[in-house]
Amino acid sequence: MTSRQPPFLRALTGCRRHALGLALGVSSVILAACTGPSSDNFSTLNSRYHDSQPALSGDGRLVAYVSNRGGGSQLVLFDLRANRFVPLPGLNRRDQLVESPSLSRTGRYLVYLAQDRGRLEVKLYDRASQQTRSLSQGYRGWIRKPSISPDGRYVTVETARRGQWDIEVFDRGLGIEPDLGQGNASVTPPVTNP
């Protein structure tokens, strides 16, 4: 048994259905506009994932930041000129949290904080050698906000070793290969257009 609705009520029900469809369509367009194109694509700078703490290289080409795109806290490096992510082999591990990235002049050196076995450590990743080393192993006290000099020799951090926040400078020494820009062409390969 079907109930007969007056024509104006049937028209109102049809309008509600169209209004709901229109509202859902508009909200989808707004959501797509806010997240940018192809928000599920891992090859774009902006995404629907939580990305934070950006740091720009001295030459303005690379941006490093913390992202949860892979399901956990990781550092990612994006080449703004080539519009692509730069691989960081051996850097990210599932068992550590990372934060506060800082880049040298061309991004050869990447310094950051990593929570490793419950302790925060200042770590340095060399993109040329693809090696990570701790700069604060055995360091006593709280540390935060590392920053690397453009040439990669000096790293500053905020420390609370004396019960207040102070600034300390780590000198990596004269034996390091400085990030001077011209001599590191192998770190950032040239981009060719087909």
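Mature numbering (1 follows the signal peptide of the UniProt record, and there is no 0) puts the sequence shown at residues -32 to -1, 1 to 162.
We treat Cβ as the ideally placed atom computed from N, Cα and C, and that holds for glycine.
| Asked | Found |
| --- | --- |
| Contacts around Gly109, its chain only, beta-carbon distance under 7 Å, and the 5 residues preceding and following it disregarded | Thr127, Ala128 and Arg129 |
| Of the listed residues Val79, Asp47 and Asn14, nearest to Arg121 (C-alpha basis) | Val79 |
| Cβ distance (whole Å) where residue 208 is taken to contact Leu30 below 8 Å | Only positions -32 to 162 of the chain appear in the structure, and residue 208 is not among them; the question remains open. |
| Cβ pair Val90, Pro114 closer than 8 Å | yes |
| C-beta contact flag for residue 164 and Leu59 at 8 Å | Outside the shown range of the chain, which is -32 to 162, sits residue 164, and nothing can be said about it. |
| Proximal residues to Glu136 (C-beta, below 6 Å), its chain only, five neighbours per side dropped | Val125 and Thr127 |
| Assumed close pair Gln99, Ser68 - CB separation to whole angstroms, cut-off 8 Å | Not quite, the Cβ-Cβ distance comes to about 20 Å (not below 8 Å), so this is no contact. |
| Where Gly75 falls, given that 16 or more other Cβ within 10 Å makes a residue buried | buried |
| Beta bridge counterpart(s) of Ser115 as assigned by DSSP | Thr124 |
| Cβ-based neighbour list, Arg101, same chain, cut-off 6 Å, excluding 5 preceding and 5 following | Leu92 |
| Arg112 versus Ala50: straight-line alpha-carbon distance, rounded | 31 Å |
| Asp19 beta carbon less than 8 Å from that of Ser35 | yes |
| Coil, strand or helix - Arg29 by DSSP | coil |
| Helix, strand or coil at Tyr80 [DSSP, three-state] | strand |
| Sequence-distant residues of the same chain with beta carbon closer than 8 Å to Asp139, five excluded per side | Arg121 and Tyr122 |
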